[in-house]
Amino acid sequence: MTQGRSYVAGLVTGVVMTGVVGIVGLRATAAPADAAVSAATQAAAPAAAPATMAKPAIKVLLENDQVRVREVVFAPGSGDTHTHPWAHVGVILSKGQLAFADAGKPEELVNFEAGSVGFREAKVTHLARNPGTAPMKVIEVEIK
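When we follow this note's numbering, the leftmost residue of the sequence shown carries the number 14, and every step to the right adds one.
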């Protein structure tokens, strides 16, 4: 069992490092933080999710001293305002759209294809919600 966990931890670390290196390279060429950002931007977003908005389903898949890997499923219309304690890479498992709003900034709609990756810095508070009609599934790999 330990060998299986070590393999998974190594695999996740390899995927994360490949994604981080690729994203850092994208940033160096002046690409937007989320390479798939759509042109659609709306008026300033609320500071917090409405009380009636369902929260995404979150399941911790792996956690150790170096990383925490979570599966996050955004049902249609679900979302929440939260702060990630650690920088993380998100791997999109299902095609769709998510809306993000950092505090005091306009909401931006981001279109994702399955297999897309994105990076977020640590300690940034934002609203993330699914404005679409299909669930969005994301794997978050947080680097401790």
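Glycine residues also receive a C-beta, built at the ideal position from the N, C-alpha and C atoms.
Best match in the options for proximity to residue i [C-alpha to C-alpha]
i    : options         : result
A127 : D78, D93, G109  : G109
P69  : E76, G92, V137  : G92
Q79  : I71, W99, K72   : W99
A67  : G145, F87, A116 : F87
Range covered by the beta strand (DSSP E) that runs through residue i
i    : result
V137 : Looking at the DSSP string, V137 is not in any beta strand (DSSP E), and its letter there is neither H nor E.
M149 : 149 to 156
A114 : 109 to 115
P119 : 119 to 125
K72  : 70 to 76
T1   : Beyond the ends of the chain as shown, which are 14 and 157, falls residue 1; an answer cannot be given.
G103 : 101 to 105
Residue burial classification, residue i (beta-carbon count within 10 angstroms, cutoff 16)
i    : result
F140 : One detail in the question is off: residue 140 reads as Leu in this sequence, not Phe. Buried is the call here.
E153 : buried
V151 : buried
A114 : buried
V73  : exposed
A60  : Low confidence applies to A60: its pLDDT is 48, below 50, so where it sits in the model is not reliable enough to give any reading.
Length of the line joining the Cα atoms of residue i and residue j
i    : j    : result
E155 : F132 : 10 Å
L111 : E120 : 10 Å
K118 : T138 : 11 Å
L122 : V85  : 18 Å
L106 : H95  : 21 Å
P89  : M149 : 8 Å
T65  : N143 : 14 Å
V104 : R83  : 10 Å
H101 : F125 : 17 Å
R81  : A116 : 25 Å
L75  : K157 : 13 Å
N77  : I71  : 17 Å
Residue i vs residue j beta-carbon contact at 9 Å
i   : j    : result
H97 : A147 : no
Minimum Cβ-Cβ distance from residue i to chain B less than 9 Å
i    : result
E153 : In the structure shown, chain B cannot be found, because there is only a single protein chain.
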